[in-house]
Amino acid sequence: MKITLITLGVLVVLGAGGITLYANTAGAERVFDPRAVEKATERILTEEYAYRNVKQVSCPAGKRVKPEASFSCTVDLGGGRVLRAPILVVDTEGNYRVRELHYPR
């Protein structure tokens with residue numbers, strides 16, 4: 001497992017499809033940093049799930065670091081193909097899993 005500390009209080013832990021990305025809010029409720037989640041989700045989709053044409057990933061702001069919580073990021077694969085990437089939070093440390101892409105309903 002690789003651990004990288006990025007400045008401004010954002011922690012990144014990579015490994016086996018799971019990832020941790022959250023803003024250090026000094027005692028306040030922790031929420032995911034949407035830009036960091038977007039970047040990591042794009043990396044997971046291209047490197048681990050082998051999606052070749054990821055044009056853009058957009059994740060919602062304000063999503064809490066809470067076990068078993070879930071949310072979806074929108075993934076633009078180009079050519080009019082826009083899918084959703086389900087995100088499942090696995091623990092209080094902010095680790096989460098990116099699931100297979102699904103067409104929005």
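Residues 1 to 105 in UniProt numbering are what the sequence shown spells out, letter by letter. Even glycine gets a Cβ: it sits at the ideal position worked out from N, Cα and C.
May I ask you to report which of helix, strand or coil DSSP gives residue i?
i: A85; result: strand
i: R30; result: coil
i: R35; result: helix
i: R97; result: strand
Applying the criterion that 16 or more other CB atoms from any shown protein chain within 10 Å of the CB defines a buried residue, is residue i buried or exposed?
i: P67; result: exposed
i: K55; result: exposed
i: A50; result: exposed
i: G62; result: exposed
Per DSSP, what are the beta-bridge partners of residue i in this structure?
i: D76; result: Q56 and V82
i: F64; result: In the sequence under discussion, the amino acid at residue 64 is Arg, which differs from the Phe named in the question. DSSP, once it has assigned bridges, lists V31 as partnering R64.
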